Amino acid sequence: MAEILLVEPDRRLASTYAKALQAAGHHVTAVPSAQTAIMAADAVLPDLVILELQLVEHSGIEFLYEFRSYPDWQAVPIIIQSQVPPAEFSDNWQLLQDELGVQAYLYKPRTSLRRLLAQVQEFTPVKT
Amino acid sequence: MARDARESPILSQQLLLSVAEELKLPLLQIAREAERGALNGSADLGVIRTTADSALRLLDNYVLGVRLALEPAQLAPESVSVASILYDTGQQLDTLAKSYGVSLELNVAGRFGPILANRQGLQAALVSLGAALIEALPAQDGSQLKLQLATHRSRYGIVAGLYADTRQLTNETLRRGRALQRHSRQPLISMTHTSGAGIFVADTILQAMHLNLRTSRHHRLYGLGTVLQPSPQIQLV
């Protein structure tokens with residue numbers, strides 16, 4: 012079981028993802044924005060973050076820079092799951108991977124729950 | 010006679026693109042909720058139905074806007090009650106609002122005579138606008154999940170619109186959003202995480218009716234609405 016921070020601006024979609032992750036045995040904190048995500052991360056100490064880039068006011072990229080600026084959160088795995096097609100980020104993938112520590116980029120319209128759950132499984136630490 | 014397509018903003022490719030982007034969201038919600046049902050044996054059919062209705066409503070309003078722009082004869086203004094239009098708008102948005110946890114309120118305090126407008130067009134614009142704001146509110150920081158359908162008098166006429174306590178609804182946001190519509194996948198970034206298609210559809214339906222979508226204040230709330238003119242015939246009676 013992992014502590015997952017889900018940054019998803021659409022309330023209905025967040026509910027569906029959260030229920031699926033909970034059914035797979037994870038504990039999920041869902042928040043809609045970058046600002047609430049930082050506050051939630053401080054409170055729940057996530058094992059993994061699932062992040063949408065298209066947020067209101069501050070983008071997911073701004074969240075990433077802020078999140079990674081705290082020493083405690085530099086090793087937390089991050090999966091981007093976004094409406095933004097990966098082709099729009101192909102030039103910046105190296106930056107996302109190397110500097111911001113993004114483990115995977117999933118294009119939301121083409122990512123099944125099964126695939127998301129498999130990625131979460133891959134990047135969450137095994138707790139004993 | 011049909012208008013020249015180049016004159017009609019409703020026919021613009023950027024609006025079509027915006028609607029296409031927006032439609033991905035409800036389709037994605039349906040697909041994932043159905044998949045969750047298959048995985049966990051417990052899909053929420055109510056969510057699927059409400060979500061499909063959202064997609065159909067957006068398409069319907071877009072198609073209506075295109076028809077109105079192509080056939081202005083359909084835009085015959087009539088004397089209508091702004092209170093009844095707001096009431097019907099609230100009825101149409103009620104289920105969507107509940108599914109997003111947004112409380113919808115109707116505020117038509119005061120007496121307002123009939124206004125002159127095309128009822129179908131005006132209602133479609135307000136419903137489109139309301140649906141977009143309902144989906145946007147929960148994604149904003151710190152705004153209360155309350156949306157008010159309200160009307161008031163101004164020196165320009167009778168204003169009908171939708172209001173919330175969010176400060177993001179400014180003239181600058183709307184102006185920049187219209188300018189960015191062609192270039193950005195999120196032109197109203199301070200307001201919504203989506204393409205904002207519902208707002209632009211409302212904008213263009215109102216333009217087809219020679220009305221304007223504008224920012225407005227209602228008591229302490231911020232909102233979007235349009236200025237309507239009282240019906241002169243009824244006033245004479």
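Same order as they appear, the protein sequences are chains A and B.
Quick note on the numbering used here: the first sequence kicks off at 12 and runs consecutively.
Quick note on the numbering used here: the second sequence kicks off at 10 and runs consecutively.
Where is the CB? At the ideal position from N, CA and C, for every residue including glycine.
These numbers were taken from a predicted model, which means no experiment stands behind them.
Under 9 Å Cβ-Cβ, which residues of chain A neighbour residue i?
i: B:Y71; result: Per Cβ cutoff of 9 Å: no residues; B:Y71 is ~19 Å from chain A at best.
Restricting to Cα atoms, I'd like to know which of the options is closest to residue i.
i: B:D53; options: A:R23, A:V42, A:E73; result: A:R23
i: B:T224; options: B:P241, B:L183, B:T213; result: B:L183
i: B:P35; options: B:L68, B:G50, B:Q22, B:L48; result: B:L68
i: B:G119; options: B:V91, B:Q101, B:S108, B:R128; result: B:V91
i: A:P96; options: A:K119, A:D102, A:D109; result: A:K119
i: B:D150; options: A:L124, A:S70, A:I89, A:P82; result: A:S70
i: A:T135; options: A:S101, A:A45, A:L124, A:A86; result: A:A86
i: B:V28; options: B:G232, B:T213, B:N221, B:L230; result: B:T213
i: B:A148; options: B:T175, B:R226, B:Q100; result: B:T175
i: B:L233; options: B:L220, B:P239, B:P241, B:E44; result: B:L220
i: A:T140; options: A:I91, A:F100, A:V113; result: Outside the modelled stretch of chain A, which goes from 12 to 139, sits residue 140 of chain A, for which no answer is possible.
Who are the Cβ neighbours of residue i in its own chain at under 8 Å, not counting the five residues just before and after it?
i: A:G36; result: M12
i: B:L95; result: L115, V117, L135, L158, A159, T160, A169
i: A:A25; result: L17, E19, A41, P43
Could you tell me whether any Cβ in chain A is nearer than 9 Å to the Cβ of residue i?
i: B:K33; result: yes
i: B:Q149; result: yes
i: B:T60; result: yes
i: B:V56; result: yes
i: B:A133; result: no
Please check if any C-beta of chain B sits within less than 9 Å of the C-beta of residue i.
i: A:P97; result: no
i: A:V39; result: no
i: A:E63; result: yes
By the criterion of Cβ-Cβ separation under 8 Å, what are the contact partners of residue i in chain A?
i: B:S199; result: V67, E68
i: B:Y109; result: R22, R23
i: B:Q22; result: None at all; the shortest Cβ gap to chain A is about 18 Å.
By the criterion of Cβ-Cβ separation under 8 Å, what are the contact partners of residue i in chain B?
i: A:L124; result: R41, E44, R45, L48
i: A:S44; result: A148, Q149, D150
Tell me which residues share the same chain as residue i and place their Cβ nearer than 7 Å to its Cβ, disregarding the 5 neighbours each side in the sequence.
i: B:L142; result: L156, L171, A173
Less than 6 Å between C-beta atoms, sequence neighbours within five positions excluded: which residues of the same chain meet that for residue i?
i: A:Q94; result: Q65, K119
What does residue i touch in chain B if you count any residue whose Cβ is under 7 Å from its own?
i: A:T47; result: D150
What residues of chain B sit near residue i, judged by a beta carbon separation below 9 Å?
i: A:L31; result: The sequence shown places Ala at residue 31 of chain A, not Leu. Within 9 Å Cβ-Cβ: R41, E44, R45, L48, N49.
Near-chain A residues of the stretch 158–180 of chain B - C-beta to any C-beta below 9 Å:
If the cut-off is 9 Å between Cβ atoms, the stretch 158–180 of chain B has Q177 near chain A.
In chain order, what residues of the stretch 70–87 of chain A put their CB closer than 9 Å to some CB of chain B?
S70
Listed from N- to C-terminal order along the chain, which residues in the stretch 189–215 of chain B have their beta-carbon within a distance smaller than 8 Å of any beta-carbon of chain A?
R194, Q195, I198, S199, M200, T201, H202, T203
Give me the subset of the stretch 97–117 of chain A whose CB atoms are less than 9 Å from a CB atom of chain B, sorted by chain position.
E99
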